[in-house]
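Asks: Pasting a structure here, questions to come.
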Amino acid sequence: MLLAAAIAALAGCERSTRMDAASEPADGPSPRFRNVDALTAYVGDAACASCHVQETAAYGTHAMAQSFHRWTRDSAPETPLDQPLVNKPTGLSYSIADSGGRLYQVERLLAPDGRRLHELRKRVDWVMGSGTVARTYFTEENGRLFQLPLTWYRSHGWDFSPGYEINNARFDRMMPNRCLACHASYPDTLPYLEGKYATLRSGIGCERCHGPGALHVAERTAGVRRDSAFDASIVNPARMSLARRMDTCEQCHVHTAVTVLREGKTEFSYMPSQPLRDQVAFFKSGGIDIVSHADRLKQSACFIASRATKKPLECATCHNPHTPTPVAQARNTPCQSCHLPAALEQRLQPSASRADHTPSSDCVSCHMPKTDVRAAVHGAFTDHWIRVAGRADDPAAVATTHARTEPYFERDRTGSDATISQGMGQIVYANLANNAQVLGDGVAALDSALGNDATRAHAHFLLGVAYQQLLNASESIRALERSVRIDSSRPEALRALATAYDADNRAFTTIDPLYRRALSLQPALAWIRADYGDFLLAQGRRDDAERAYRSAVAEQPSLSVAWFNLGALLAGAGRQRDASDAFREAVHLDPSLADALSPLLEMQVIDARVAGVRSLPSPLPSPLLRERNDRGLSVSVPHAGGASVVFTNVPPRATVQVFKPDGTVVRELRGDGGTVPWDLLNTAGRPIPPGLYRVRAGRTVLSLGVVRRS
């Protein structure tokens with residue numbers, strides 16, 4: 113164990129290596145680089161390769177250069193999948209199909225007798241991951257990227273993508289900007305639109321560490337003389353302070369429970385040489401993930417002891433992107449530059465570990481072992497916390513309570529905006545942990561910290577949405593109104609305020625302009641357009657609602673709920689053939705929606721009251737239904753001509769909660785168990801709009817389709 117003697121020899125290395133302010137790298141001065149001081153365009157790696165031939169070729173051997181790319185047959189290492197993988201909670205099975213030189217992931221649902229009830233194919237278009245550990249896949253739909261259910265793991269073969277085995281997202285998990293920001297070069301983004309890009313670039317490119325290159329390329333190709341002792345037209349990380357160099361790596365190699373962007377920042381706005389703490393707030397909960405390589409390195413005695421020297425141990429010491437990927441034996445060179453083998457052998461003369469510390473020993477495998485990561489199935493990552501094997505004082509294992517998050521940056525502990533960022537972090541964490549108590553605490557903390565602030569649109573927006581989740585309409589409206597007053601160009605805030613006003617029975621003339629402005633800012637926001645269709649349909653504006661739905665599914669064809677609600681609109685208008693087509697497409701995209709068609713409820717509304725309810729036959733000729741549990745939650749119309757429905761098989765003391773597919777609560781009903789009636793009114797006492805609803809009682813969720821006849 114090559115570093116055993118070094119741990120004792122280095123000053124201060126006997127103490128715990130848990131990070132504190134004193135162990136952070138020095139935040140010394142760094143030169144100014146003109147390509148990040150002024151608006152500069154990105155040019156892509158090809159522009160760099162024309163001059164920096166050797167560096168580009170060397171970088172191409174690194175996994176980062178292969179982290180995101182289009183799928184091609186020539187670069188596909190995947191092994192066949194012999195048997196379909198079955199998601200037990202849904203009964204859906206997944207297989208791989210190779211057809212016409214393209215790869216597909218295929219979803220099927222079989223009846224107990226083996227009949228194929230459902231099949232949906234999605235083409236593999238993009239690959240995320242170099243394949244060193246795994247490759248996960250994305251299909252492209254009108255410029256949007258959606259993750260596919262199966263991932264290929266080098267050590268295992270095919271299995272479910274992380275999280276899919278428990279909570280199967282099927283084909284609906286859109287690529288978040290945050291993922292692309294760390295797995296690919298800067299894309300050409302579309303304003304206010306997540307997951308859809310005008311242009312995508314493969315791999316993590318040169319400009320992630322050097323900043324946008326247009327200024328540098330223009331000056332060097334034009335022969336412009338340098339304006340200082342070094343070329344300030346592009347970031348050179350070697351000239352930055354150690355803190356800024358570590359920031360460049362930590363933009364992706366720190367993974368905490370919660371990430372909150374600073375006000376006015378986006379996932380793509382960070383540029384090297386800038387302090388990362390001004391871009392994002394990180395919050396830990398129970399330590400930092402093992403894949404946070406840069407932070408793990410900073411816990412190490414070797415880093416702490418060398419950080420003030422001229423050549424500190426840092427990420428680029430072992431991962432120089434401008435040299436070829438080192439072979440296994442070459443990985444020892446940085447270690448042996450300080451810990452000379454001869455000196456170690458002499459020091460360890462009386463020790464049984466002397467035989468393990470020869471010049472040919474592999475330092476890394478012992479002192480930076482590979483560790484299984486719970487969040488990454490079948491994946492082991494090199495743990496960059498350099499230590500003597502067997503030590504138990506892992507600094508990442510420091511636990512926090514379930515209701516607390518710990519700031520990563522000092523700015524979020526003691527800075528002027530620390531209480532605001534902490535409140536935001538707690539709200540985000542509460543949603544991830546599904547913890548209502550933590551959510552309430554976070555809302556109270558953020559509201560108090562904001563006070564009369566009139567500058568932080570995003571913080572007020574987050575507060576308003578959290579109040580919506582807590583069913584506090586008045587406080588939600590107050591926060592969202594303030595957010596929109598500060599910045600009226602944020603479509604999500606406009607839409608959130610519109611839904612808050614709608615729940616508060618505000619006038620159509622107050623709500624409609626908010627939707628219209630949101631969609632004028634970004635017409636491709638299909639989910640907001642579909643939501644606008646729901647609003648218009650609830651107002652009885654069927655023609656306008658139909659146009660909104662059809663525009664939404666033209667932009668994003670996989671919006672199964674929009675297809676279903678369009679079917680409900682058409683059925684209510686008596687257009688049965690068109691309704692069947694829309695329902696069929698909804699069920700094709702999501703077979704669970706077939707349950708909402710049996711029974712399909714039709715309610716008659718007269719003078720803003722429910723005058724009658726009846727069950728309709730399924731609009732599909734052969735409804736797609738799995739075998740139901742007779743003891744499961746169900747809905748029925750108790751008498752002909754009645755104006756209510758009854759939920760049966762409700763667990764004792766359970767609350768029946770009716771909500772929209774987006775999670776918005778429509779009504780909460782209480783009963784003594786067994787049967788619970790519902791008059792089809794929402795919490796405001798109005799008849800519910802037509803469309804798709806979910807009903808939860810205990811652990812059981814029921815899908816419910818409603819058609820409205822006026």
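Numbering (our numbering), first residue to last: 113 to 822.
Just so it is clear, CB atoms sit at the ideal spot from N, CA and C, and this is done for glycine as well.
1. Please state if the CB of Phe380 and the CB of Ala310 are separated by a distance shorter than 8 Å.
2. Suppose contacts are defined by Cβ-Cβ distances below 8 Å. Is Gln716 in contact with Ala723 by that definition?
3. Return the chain-ordered list of same chain residues with a C-beta closer than 6 Å to the C-beta of His572, the five sequence neighbours on each side being excluded.
4. How far does the beta strand (DSSP E) with Trp639 in it reach, from first residue to last?
5. Based on DSSP bridge pairs, tell me the residues matched to Pro199.
6. Please report how far the alpha carbon of Arg130 lies from the alpha carbon of Asp524, in whole angstroms.
7. Along the alpha helix (DSSP H) that carries Asn289, what are the first and last residues, could you check?
8. So what does DSSP say about Asp529, is it helix, strand or coil?
9. Taking 8 Å as the threshold, find out whether the stretch 190-207 comes into contact with the stretch 216-233 through three or more Cβ pairs.
10. What would DSSP say about Asn677, mapped onto helix, strand or coil?
11. If you drop the 5 nearest sequence neighbours on each side, which residues of the same chain put their C-beta closer than 7 Å to that of Ala685?
12. Could you tell me which residues DSSP pairs with Glu780 in its beta bridges?
13. Taking the straight line between their C-alpha atoms, what separation do you get for Gln363 and Ala566?
14. Give the secondary structure of Met286 by DSSP, where H, G and I count as helix, E and B as strand, and everything else as coil.
15. Can you check DSSP and say which residues form a bridge with Thr787?
16. Quick check on the DSSP output: the alpha helix (DSSP H) that includes Gln581 runs from which residue to which?
17. Under the DSSP definition of a beta bridge, which residues are partnered with Trp264?
18. What number of angstroms, rounded off, separates the C-alpha of Ser533 from the C-alpha of Lys377?
19. How would you label Val768, buried or exposed, when you count the other beta carbons within 10 angstroms and need 16 or more for buried?
20. Please report the straight-line C-alpha distance between Gly537 and Asp690, rounded to a whole angstrom.
21. Can you tell which of Ala413, Arg607, Tyr613 has the C-alpha that lies nearest to the C-alpha of Trp639?
22. Check for me: the beta strand (DSSP E) holding Thr371 runs from which residue to which?
23. For a test of the three-state rule: what should DSSP assign to Asp655, helix, strand or coil?
24. Excluding the 5 residues preceding and the 5 following Ala545 in the sequence, name in chain order all residues of the same chain whose CB lies nearer than 6 Å to its CB.
25. Along the chain, where does the alpha helix (DSSP H) that runs through Glu457 open and close?
26. Grab me the residues of Gln61's own chain with a C-beta within less than 6 Å of its C-beta, minus the 5 sequence neighbours each way, in chain order.
27. Using 10 angstroms around the beta-carbon of Leu681, count the other beta-carbons present and answer buried if the total reaches 16, otherwise exposed.
28. Would you call the stretch 382-391 and the stretch 353-367 in contact, with 3 or more CB pairs under 8 Å?
29. Can you list, in chain order, the residues of its chain with a C-beta nearer than 8 Å to that of Trp790? Leave out the 5 residues immediately preceding and following it.
30. For the candidate residues Tyr520, Pro481, Glu319, whose alpha-carbon lies nearest to that of Ala501?
31. List, from N- to C-terminal side, the beta strand (DSSP E) runs of 3 residues or more that fit wholly inside the stretch 692-725.
32. Which parts of the stretch 421-483 are runs of the alpha helix (DSSP H), unbroken and 4 residues or longer, counting only runs that do not cross its ends?
33. Go ahead and pull the three-state DSSP assignment for Tyr805.
34. Based on the DSSP secondary-structure assignment, which residues constitute the bridge partners of Val747?
35. Where do the N-terminal and C-terminal ends of the alpha helix (DSSP H) with Gly552 fall, by residue?
36. For Gly810, does the three-state DSSP call read helix, strand or coil?
Replies: Inspection of the coordinates gives the following:
1. Their beta carbons are not under 8 Å apart, which means Ala310 does not touch Phe380 by this criterion.
2. yes
3. Only Ala591, Arg594, Ser595 meet the Cβ criterion.
4. Note, Trp639: premise wrong, no beta strand (DSSP E); alpha helix (DSSP H) at 638-650.
5. Per the sequence presented here, residue 199 reads as Asn, with Pro not at that position. Per DSSP, Leu204.
6. Summary for Arg130: the model assigns pLDDT 39, below 50, so the residue's position carries little reliability; its value from the coordinates is reported in the next sentence. Roughly 18 Å between the two C-alpha positions.
7. 289-295
8. coil
9. yes
10. helix
11. Once the five neighbours on either side are set aside, the close Cβ partners of Ala685 are Arg654.
12. For Glu780, which the question treats as bridged, DSSP gives the partners Gln769.
13. The alpha-carbon separation between Gln363 and Ala566 amounts to approximately 29 Å.
14. Strand at Met286.
15. Paired residues: Thr760.
16. 569-581
17. Arg247, Trp270
18. 14 Å
19. buried
20. 46 Å
21. Arg607
22. 370-373
23. helix
24. Once the five neighbours on either side are set aside, Ala545 has no close Cβ partner at all.
25. Element bounds for Glu457: 453-459.
26. Nothing about residue 61 can be reported from this structure: the residues present for the chain run from 113 to 822 only.
27. buried
28. yes
29. Ser756, Val757, Val758, Phe759, Val768, Val770, Arg779, Leu781
30. Comparing alpha-carbon positions, the option among Tyr520, Pro481, Glu319 lying closest to Ala501 turns out to be Pro481.
31. 712-718
32. Residue ranges of uninterrupted alpha helix (DSSP H) with 4 or more members, entirely inside the stretch 421-483 and ordered along the chain, are 427-430, 445-448, 453-459, 475-479.
33. strand
34. Phe759
35. 548-562
36. coil
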